[in-house]
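The block underneath contains the structure these notes are about, expressed in structure tokens.
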Amino acid sequence: MLNIHNLSVSFGGTFLFEEVTFRLGAGDRVGLVGKNGAGKSTMLKILAKDFAPDSGSIAAEKEIRIGFLRQDIDFEQGRTVLEEAYQAFTDIKEVEKKLEEINHQLVTRTDYESEEYSKIIEDLSDYTHRFELLGGYNYVGDTEKILLGLGFKRDVFNNQTETFSGGWRMRIELAKLLLQANDVLLLDEPTNHLDIESIIWLENFLRNYPGVVVIVSHDKMFLDNVTNRTIEISLGKAYDFNKPYSQYLELRHEIREKQLATQKNQQKKIEETEKLIEKFRAKASKASMAQSLIKKLDKVERIEVDEDDNSVMNISFPVSKVPGRVVVEADHVTKSYGDKTILKDISLLVERGSKIAFVGQNGQGKSTFIKAIVNEFEYQGTIKLGHNVQIGYFAQNQAEYLDGEITLLRTMEDAATDTNRSKVRDMLGSFLFRGDDVEKKVKVLSGGERNRLALCKLLLQPINVLVMDEPTNHLDIKSKNVLKAALQKYEGTLLLVSHDRDFLQGMSNLVYEFKDQKIKEYLGDINYFLEQRNLENMREVEKKDAIKKETPKENASKLSYEDQKKGKALQNKLSKVESQIKQLERDIQNDDKMLASNYNKHIEDANFFKAYNKKKAELDQFLLEWELVQEEIDNAVS
1 MLNIHNLSVS FGGTFLFEEV TFRLGAGDRV GLVGKNGAGK STMLKILAKD
51 FAPDSGSIAA EKEIRIGFLR QDIDFEQGRT VLEEAYQAFT DIKEVEKKLE
101 EINHQLVTRT DYESEEYSKI IEDLSDYTHR FELLGGYNYV GDTEKILLGL
151 GFKRDVFNNQ TETFSGGWRM RIELAKLLLQ ANDVLLLDEP TNHLDIESII
201 WLENFLRNYP GVVVIVSHDK MFLDNVTNRT IEISLGKAYD FNKPYSQYLE
251 LRHEIREKQL ATQKNQQKKI EETEKLIEKF RAKASKASMA QSLIKKLDKV
301 ERIEVDEDDN SVMNISFPVS KVPGRVVVEA DHVTKSYGDK TILKDISLLV
351 ERGSKIAFVG QNGQGKSTFI KAIVNEFEYQ GTIKLGHNVQ IGYFAQNQAE
401 YLDGEITLLR TMEDAATDTN RSKVRDMLGS FLFRGDDVEK KVKVLSGGER
451 NRLALCKLLL QPINVLVMDE PTNHLDIKSK NVLKAALQKY EGTLLLVSHD
501 RDFLQGMSNL VYEFKDQKIK EYLGDINYFL EQRNLENMRE VEKKDAIKKE
551 TPKENASKLS YEDQKKGKAL QNKLSKVESQ IKQLERDIQN DDKMLASNYN
601 KHIEDANFFK AYNKKKAELD QFLLEWELVQ EEIDNAVS
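Residue numbers (full-length UniProt numbering): 1 to 638.
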């Protein structure tokens with residue numbers, strides 16, 4: 001689908017990446033990874049044609065459709081959630097509008113015998129057929145299904161988009177992309193604003209996506225569960241392997257170890273040859289042999305070892321002083337915004353040394369409860385902090401509180417005390433801000449760099465209770481691993497809100513799920529919570545299945561012989577259509593493989609693409625026929 005050849009991009013004379021080449025074909029689900037600032041988002045912008053490279057080229061199939069989930073979105077005010085999501089169906093909406101106009105004319109006109117009226121009837125038939133082919137009878141149901149999967153409740157479908165936070169608007173934008181059936185899907189940090197349930201739903205959706213998916217994400221588990229290929233941009237080069245992220249890391253480590261061993265052996269032989277050259281050079285009779293060895297040495301292709309950027313943060317969270325046994329005691333905490341109650345009668349006790357994870361869908365009150373603990377607003381009920389408790393609070397949007405117009409050094413010095421002001425430069429260095437970096441203004445930092453600075457600033461205050469709301473947003477995978485290790489060694493109390501399952505693994509001994517204004521306690525880590533939730537979901541499914549199994553039996557006895565005969569004919573028809581669908585899907589898959597193996601040959605073959613597109617059109621028609629037959633069957637037994 002896309003051929004990327006020798007792409008190079010530089011800023012200020014320094015290459016972000018240089019002469020990067022790779023190909024993207026149908027079925028590729030690529031994890032585009034690398035450290036903050038490596039060039040991942042820039043690469044996505046180039047693929048989406050938002051940004052032009054300094055050199056290189058991108059060859060694409062004709063009429064290829066590319067969808068790009070950008071970090072900055074702009075909605076038109078006045079639309080509801082559904083109306084905004086329906087913007088994914090521009091062709092369908094145009095035909096739908098035309099059909100409304102035609103139907104209005106049919107109702108209002110009375111010249112039934114005229115040619116104009118006959119033309120309207122023909123247009124109605126043509127547009128209705130086109131509406132069916134475009135999936136016009138399914139788009140409403142598909143939209144609702146995807147919005148529900150991404151965490152929206154039905155009762156907010158008709159709310160205005162401007163009433164939602166940036167994170168929820170990002171979900172609407174993601175829903176639009178998933179509904180568009182693009183050939184290539186480019187996703188920049190799609191999980192940043194999703195809760196665990198929505199991430200799991202998105203994983204299942206993307207695993208079955210027929211086109212190309214390129215994902216920039218720092219969620220290791222999400223990458224492992226979705227991708228089948230990893231491209232890492234590191235120190236200006238691209239490393240490409242047909243493996244999910246974790247398997248890729250292992251493979252790249254093995255390759256690098258082999259390169260080091262081979263390079264070592266080669267260097268040993270080179271040194272031996274150089275010694276012989278020096279030995280023979282001193283004797284006139286051996287001069288020709290020395291020259292021969294020099295020529296041989298010049299022809300040796302030196303083995304290079306892939307460079308690896310291993311620079312990481314150095315973090316530790318020291319405990320300021322030992323607090324009392326109980327650090328937080330919440331009693332009947334209730335919080336409402338207008339008529340909407342977020343938390344109702346929440347009571348819990350947090351003891352010294354506890355490691356607690358708060359999980360649940362967005363909007364269920366996790367951050368609200370955290371903010372109540374740090375006394376950011378008024379609420380009903382009471383929250384008491386224990387003796388000697390000193391809270392360090394990292395808000396979800398902590399980086400936004402930083403002043404963009406001052407330097408990193410000034411940011412730290414302004415927050416420092418007399419006892420730690422002299423350590424400010426060393427602290428910045430441990431968070432990878434070294435040399436002239438400390439004189440940069442905060443506004444030029446990337447999202448991940450701002451989060452690192454916010455974490456560094458947090459350490460300037462005395463802490464024995466850490467309260468952290470989504471601290472991993474925008475951090476690259478290596479930085480997240482360092483933060484996780486530091487928090488695991490932390491001897492104080494930790495209250496953590498996160499949607500990152502890999503980050504949460506081994507981090508807590510207690511999980512609280514926030515749902516429907518209440519909390520539910522799970523005595524274990526995130527894996528235990530997910531296991532229990534899966535069991536609960538399976539029980540719900542079993543109950544529904546039991547009801548469904550009873551219904552057909554009751555209906556079957558009531559069906560007449562003619563109805564049963566008709567039902568059997570419909571089932572035979574459905575099986576025949578399913579067989580044709582499977583055959584076409586196999587044929588199209590084979591064509592995709594042929595394209596992947598020899599794209600340049602087939603792109604010049606007009607007959608190949610004509611037959612290829614005809615198969616796709618036939619598949620769409622059979623899928624529509626399958627839906628109509630299935631609907632007849634459902635109506636017959638209902």
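Note that beta-carbon positions come from the ideal geometry of N, C-alpha and C, so glycine has one too.
- Comparing alpha-carbon positions, the option among Ser198, Thr161, Ile200, Leu147 lying closest to Ala175 turns out to be Leu147.
- When DSSP states are grouped into helix, strand and coil, His474 belongs to the coil group.
- About 21 Å separates the Cβ atoms of Ile92 and Leu106, ruling out a contact at the 8 Å cut-off.
- According to the DSSP assignment, Asn3 belongs to the beta strand (DSSP E) that extends over 2 to 11.
- For Tyr522, the uninterrupted beta strand (DSSP E) run begins and ends at 518 to 522, by DSSP.
- The continuous stretches of alpha helix (DSSP H) do not include Arg79, and DSSP gives it neither H nor E.
- Within the same chain, and ignoring the five residues on either side of Asn159 in sequence, the residues whose Cβ sits closer than 7 Å to its Cβ are Thr80, Val81.
- Secondary structure of His129 (DSSP, three-state): helix.
- Here Glu113 is exposed: its Cβ has fewer than 16 other Cβ atoms, across all protein chains shown, within 10 Å.
- Here the C-alpha atom of Lys268 lies approximately 14 Å from the C-alpha atom of Gln259.
- Ranked by Cα distance from Phe317, the first of Asp54, Asp403, Leu494 is Leu494.
- Under the DSSP assignment, Tyr248 falls in the alpha helix (DSSP H) whose first and last residues are 245 to 281.
- Inter-residue distance for Leu458 and Tyr393 is about 8 Å (C-alpha atoms, whole angstroms).
- Shown here, Lys384 sits in a strand according to DSSP, grouped into three states.
- Pairing Leu69 with Glu162 gives a Cβ-Cβ distance that is not under 8 Å.
- As computed with DSSP, Arg229 is found in a beta bridge with Val30.
- Assignment of Leu185 by DSSP, reduced to helix, strand and coil, places it in the strand class.
- Residue pairing from DSSP leaves Lys610 without any beta-bridge partner.
- One alpha carbon belongs to Leu99, the other to Glu61, and they sit about 33 Å apart.
- Restricting attention to Tyr337, Val20, Glu329, Thr407, the CA atom closest to the CA of Leu348 is found in Glu329.
- For Gly392, the enclosing beta strand (DSSP E) covers residues 391 to 394.
- Taking the C-beta atoms as reference points, Leu2 is found nearer than 8 Å to Leu24.
- Here Tyr490 carries a coil assignment [DSSP, helix/strand/coil].
- The way I'd put it, the stretch 331 to 347 does touch the stretch 507 to 520; three or more beta-carbon pairs between them come closer than 8 Å.
- Using a 10 angstroms sphere on the CB of Glu116, the tally of other CB atoms stays under 16, which defines it as exposed.
- For His218, the closest C-alpha among the options Lys279, Tyr612, Thr227, Thr110 is that of Thr227.
- Secondary structure at Ala85: helix, using DSSP grouped into helix, strand and coil.
- Sequence-distant Cβ neighbours of Ser41 in its own chain, meaning closer than 7 Å and more than five residues away, are Asp188, Val216.
- Taking C-beta separations shorter than 7 Å and ignoring five residues to either side along the sequence, the partners of Asp469 in its chain run Ser367, Ile370, Phe394, Ala395, Gln396, Val497, following chain order.
- Here Leu134 is not near Ile102, since their CB atoms are 8 Å or more apart.
- Counting the other Cβ atoms within 10 Å of the Cβ of Phe358 gives 16 or more, which makes it buried.
- A Cβ-Cβ contact shorter than 8 Å links Gly149 with Trp201.
- In the DSSP assignment, Ile346 forms a beta bridge with Val333.
- The bridge partners DSSP lists for Lys355 are Leu494.
- When the beta-carbon positions are compared, Leu194 and His474 stay at least 8 Å from each other.
- Counting only unbroken stretches of 4 or more residues, the alpha helix (DSSP H) elements lying wholly within the stretch 385 to 450 are 408 to 415, 424 to 430, in sequence order.
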